[in-house]
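This report concerns only the one structure given below.
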Amino acid sequence: MYMVYWTVVEGDKCTPHEKLFDTADMVAAMQQMEVLRKRQRDGEGVRFITMASEHPDLVGHPGVDVTGADYNWKKRRR
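Here the sequence shown is numbered in numbering that gives the first Met the number 0, starting from 0 and rising by one per residue.
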């Protein structure tokens, strides 16, 4: 899945927005970001345009995991 985030700034007020896209709709998410960037270039108060992704079928948990005492990582290159 993809999530596009942006903030609309009007005076002292900042309003956050988001729009969800399906995993197969990356092109639509990128097009949404370009529409927002055009609005920004045209002088509208659109700021902080960004996209995040998260695959719904991840094998492991996101983030750092704890390793056991038997874990022995070695750098392969010297």
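All C-beta atoms in this analysis are idealised placements derived from N, C-alpha and C, irrespective of residue type, glycine included.
Contact check, residue i vs residue j, beta carbons under 8 angstroms
i: Glu9; j: Gly44; result: yes
i: Cys13; j: Thr6; result: yes
Own chain partners of residue i with C-beta closer than 8 angstroms, once the 5 adjacent residues on each side are dropped
i: Met50; result: Tyr1, Met2, Val3, Tyr4, Ala28, Met29, Met32
i: Ile48; result: Val3, Tyr4, Trp5, Met32, Leu35, Arg36, Gln39
Helix, strand or coil at residue i according to DSSP, with G and I counted as helix
i: Ala28; result: helix
i: Glu33; result: helix
i: Arg76; result: coil
Buried or exposed by the 16-neighbour rule on C-beta atoms within 10 Å, applied to residue i
i: Leu19; result: exposed
i: Leu35; result: buried
Sequence-distant residues of its chain with Cβ nearer than 7 angstroms to residue i (five each side left out)
i: Pro55; result: Met0, Thr22
i: Glu53; result: Met0
i: Met25; result: Tyr1
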